[in-house]
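Taken in order, these protein sequences are the chains called A and B.
Our numbering puts the first sequence at residues 1 to 196.
Our numbering puts the second sequence at residues 1 to 196.
Number of protein chains: 2
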Amino acid sequence: MASKSEKTRKRILDAAATVLSQRGYAGMRLGEVAEVAGVQAPAIYYYFASRDELVEEVMWSGAHDVRIHVEEAVAALPDGTAPLGRIMTAVDAHLRYELEISDYATASIRNARHVPEALRDRPAAEESLYSHFWRDLFEAARKEGAIRDDLDATTFRMLLLGAMNWVVEWWRPETRSLDEVIAVAQDMVRRTVTDS
Amino acid sequence: MASKSEKTRKRILDAAATVLSQRGYAGMRLGEVAEVAGVQAPAIYYYFASRDELVEEVMWSGAHDVRIHVEEAVAALPDGTAPLGRIMTAVDAHLRYELEISDYATASIRNARHVPEALRDRPAAEESLYSHFWRDLFEAARKEGAIRDDLDATTFRMLLLGAMNWVVEWWRPETRSLDEVIAVAQDMVRRTVTDS
DNA sequence: AGCATTTTTTAATACAGATTCATATTCGAG
DNA sequence: CTCGAATATGAATCTGTATTAAAAAATGCT
């Protein structure tokens with residue numbers, strides 16, 4: 001299965017994710033992608049119909065993979081884990097995935113609004129699923145009384161996702177550990193969401 | 001003073017801020033900037049030496065103007081305003097400026113990491129001043145005991161700035177009022193920062 | 001009004017980068 | 001080991017866009 005061909009395709013996709021996250025949609029040059037992938041630019045066209053199709057696949061994977069990673073992390077929790085604990089795990093998984101694992105996440109986060117309309121549909125559908133997942137997490141918590149009644153949970157959820165998405169813009173591992181960042185984010189959630 | 005020439009220059013700069021915030025650094029076309037400004041593309045060169053100089057000025061203004069706006073809002077508070085109240089005002093001013101007033105802020109926030117190195121110095125200096133301002137706000141609060149001792153205030157401050165910067169990506173006035181968003185953000189700060 | 005200066009435009013230049021094509025190379029089944 | 005299909009390349013094309021140059025138009029001063 002991991003034929004040579006498939007590996008090359010993957011190298012190109014990875015390279016595109018890296019370049020896209022660094023340069024942005026319009027700044028991504030196929031020449032640079034090819035160089036990073038160790039291939040000549042026209043080779044890209046053997047695997048992708050166009051530059052835009054390549055971008056779309058990166059964006060989709062970015063959204064898809066974070067979602068799967070976070071959903072699995074939460075699903076792996078023991079039955080009966082408190083809803084607040086599930087949110088904490090989701091925070092942890094989201095930050096780890098975005099910062100340690102994948103350029104795809106960064107690429108899709110940074111470029112969601114800059115990419116032409118035509119490319120947005122498939123990635124947007126994934127983002128929507130992810131958004132629903134978080135909503136469900138919060139709604140479950142509210143049902144169990146783990147979230148105070150007077151919190152605008154939707155707005156808070158958006159602020160939280162924003163805070164997490166932005167971490168990639170400032171976090172440097174040499175300054176503070178990822179664990180610390182995660183701990184502060186979780187603390188922020190716990191205190192904002194619960195009473196007293 | 002507001003000579004015709006100065007007004008045209010301002011129109012071009014405003015147009016560049018708008019286009020830059022929507023399309024990103026590499027995606028900003030001088031043709032589109034000119035169209036939005038109501039001028040022919042080469043006219044831009046009468047006011048700016050190059051595309052990059054135009055971008056740099058937008059980025060610098062973005063960083064500068066938010067800073068001035070927020071600093072003035074805080075400075076306008078009555079003497080003896082509690083340090084936490086000063087932070088609340090800063091949150092309010094930052095969000096209002098970014099969302100109601102200016103494309104410059106959005107342009108500079110979104111593009112800080114995509115712009116070529118050569119353009120980063122001046123805008124980065126402004127951002128650094130702004131960052132210091134927030135640090136001072138938090139340090140003053142801590143000195144007065146308004147911030148619990150076991151909070152990693154620096155990390156929290158970065159998360160907060162991120163949450164606020166990201167609002168522009170999801171907030172739509174028809175869904176919820178800006179006042180609500182501000183209230184939730186302030187609430188989040190108050191609860192995270194103080195003990196119980 | 002008439003003239004010098006500032007501002008703006010239209011037409012030309014130059015170049016970078018996506019895409020195509022014809023050709024070469026590599027791969028895997030028999 | 002060899003042949004047809006899959007994969008990759010170099011050279012050529014074509015388009016879009018920043019930038020320059022030269023000319024025209026507007027402005028404001030006397």
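In this text, a Cβ means the ideal position worked out from N, Cα and C, and glycines have one as well.
*7 Å Cβ cutoff met for Asp195 (chain A) and Arg148 (chain A)*: Counting from one through the first sequence, the residue named residue 195 (chain A) turns up at place 195. Counting from one through the first sequence, the residue named residue 148 (chain A) turns up at place 148. Contact flag set, yes.
*Report yes if the CB atom of Trp60 (chain B) is closer than 7 Å to the CB atom of Arg122 (chain B), and no otherwise.*
By one-based count along the second sequence, residue 60 (chain B) stands at place 60. By one-based count along the second sequence, residue 122 (chain B) stands at place 122. Yes, Cβ-Cβ distance for Trp60 (chain B) and Arg122 (chain B) is below 7 Å.
*Could you tell me whether the Cβ of Ala163 (chain A) comes closer than 7 Å to any Cβ of chain B?*
Looking up residue 163 (chain A) in the first sequence gives position 163. By this cut-off, Ala163 (chain A) is an interface position.
_Measuring only the C-alpha atoms, how far is Val66 (chain B) from Ile87 (chain A)?_
Taking the first residue of the second sequence as 1, we reach residue 66 (chain B) at position 66. Taking the first residue of the first sequence as 1, we reach residue 87 (chain A) at position 87. Whole-angstrom Cα-Cα distance: 33 Å.
*Going by Cα to Cα distance, which pick from B:Arg176, B:Val181, B:Ala15 and B:Thr154 is closest to Met164 (chain B)?*
The count along the second sequence starts at 1 and reaches residue 164 (chain B) at position 164. Of B:Arg176, B:Val181, B:Ala15 and B:Thr154, the residue nearest in Cα terms is B:Val181.
*Euclidean distance between Cα positions of Glu98 (chain A) and Val55 (chain A)*: Translated into positions along the first sequence, residue 98 (chain A) becomes position 98. Translated into positions along the first sequence, residue 55 (chain A) becomes position 55. Counting only the Cα atoms, Val55 (chain A) lies some 18 Å from Glu98 (chain A).
*Under 7 Å between C-beta atoms, does Val184 (chain B) make it to chain A?*
The residue labelled residue 184 (chain B) in the question sits at position 184 within the second sequence. Chain A, which has a Cβ nearer than 7 Å to the Cβ of Val184 (chain B), makes this yes.
*Kindly list the residues whose CB is nearer than 8 Å to the CB of Ala118 (chain B), restricted to its own chain and excluding five residues on each side of it in sequence; keep chain order.*
Within the second sequence, the letter at position 118 stands for residue 118 (chain B). Contacts found: Asp52.
*Go to Trp171 (chain A), then tell me how far its alpha helix (DSSP H) extends in each direction, as first and last residue.*
As a position in the first sequence, residue 171 (chain A) is number 171, starting the count at 1. Looking at the DSSP string, Trp171 (chain A) is not in any alpha helix (DSSP H), and its letter there is neither H nor E.
*Compare the C-beta of Arg157 (chain B) with all C-beta atoms of chain A and state if any pair is closer than 7 Å.*
Here residue 157 (chain B) corresponds to residue number 157 of the second sequence, with the count starting at 1. Cβ-Cβ to chain A under 7 Å: no for Arg157 (chain B).
_Proximal chain A residues relative to Arg142 (chain B), where beta-carbon distance stays under 9 Å_ = By one-based count along the second sequence, residue 142 (chain B) stands at place 142. Ordered by position in chain A, no residue passes the 9 Å Cβ test against Arg142 (chain B), which lies about 15 Å from the chain.
*Which residue from A:Glu127, A:Ala90 and A:Pro116 puts its Cα closest to that of Ala105 (chain A)?*
The sequence position of residue 105 (chain A) within the first sequence is 105, counting from 1. Here the closest residue by C-alpha is A:Glu127.
*Does the beta-carbon of Gly162 (chain A) have 16 or more other beta-carbons within 10 angstroms, so that it is buried, or is it exposed?*
If you number the first sequence from 1, residue 162 (chain A) lands on position 162. With 16 or more other Cβ atoms within 10 Å, it is buried.
*Name, please, each residue of chain B whose Cβ falls closer than 7 Å to the Cβ of Met188 (chain A).*
In the first sequence, the residue the question calls residue 188 (chain A) occupies position 188. Correct list: Phe156, Leu159, Met188 and Thr192.
_Tell me which residue opens and which closes the alpha helix (DSSP H) that Phe48 (chain A) is part of._
Your numbering for residue 48 (chain A) matches position 48 in the first sequence. Careful: Phe48 (chain A) lies outside any alpha helix (DSSP H) and carries neither H nor E.
*Find the nearest neighbour of Val33 (chain B) within the set B:Val168, B:Val19, B:Phe138 and B:Tyr45, judged by alpha-carbon distance.*
As a position in the second sequence, residue 33 (chain B) is number 33, starting the count at 1. Checking every option, the nearest Cα to that of Val33 (chain B) belongs to B:Val19.
_Counting only beta-carbon separations shorter than 7 Å, does Gly145 (chain B) have a partner in chain A?_
Stepping through the second sequence from its first residue, residue 145 (chain B) is reached at position 145. The beta-carbon of Gly145 (chain B) is placed no less than 7 Å from the nearest beta-carbon of chain A.
*Do Leu137 (chain A) and Ala90 (chain A) have their C-beta atoms within less than 7 Å of each other?*
To locate residue 137 (chain A), count along the first sequence from 1; it is residue 137. To locate residue 90 (chain A), count along the first sequence from 1; it is residue 90. Cβ atoms of Leu137 (chain A) and Ala90 (chain A): closer than 7 Å.
*Per-residue burial, Tyr25 (chain B) [other beta carbons within 10 Å of its own, 16 or more giving buried]*: Counted from its first residue, the second sequence places residue 25 (chain B) at position 25. Looking at its Cβ environment, which holds 16 or more other Cβ atoms inside 10 Å, Tyr25 (chain B) is buried.
*Classify Pro78 (chain A) as helix, strand or coil using the three-state DSSP reduction.*
Position 78 of the first sequence, counting from 1, holds the residue named residue 78 (chain A). Note: Pro78 (chain A) maps to coil in three-state DSSP.
*What is the DSSP secondary structure of Thr194 (chain B), reduced to helix, strand or coil?*
As a working note, residue 194 (chain B) is residue 194 in the second sequence. Residue state, collapsed to three classes: coil.
*Spell out whether any CB of chain B is found under 7 Å from the CB atom of His94 (chain A).*
Against the first sequence, residue 94 (chain A) aligns to sequence position 94. Cβ-Cβ to chain B under 7 Å: no for His94 (chain A).
*Count the other C-beta atoms from every protein chain shown that fall within 10 angstroms of the C-beta of His132 (chain A), then say buried if there are 16 or more, exposed otherwise.*
Here the question's residue 132 (chain A) lines up with position 132 in the first sequence. Exposed.
*Can you tell me which of the three DSSP states Tyr25 (chain B) falls into?*
Here residue 25 (chain B) corresponds to residue number 25 of the second sequence, with the count starting at 1. Three-state DSSP puts Tyr25 (chain B) in coil, outside helix and strand.
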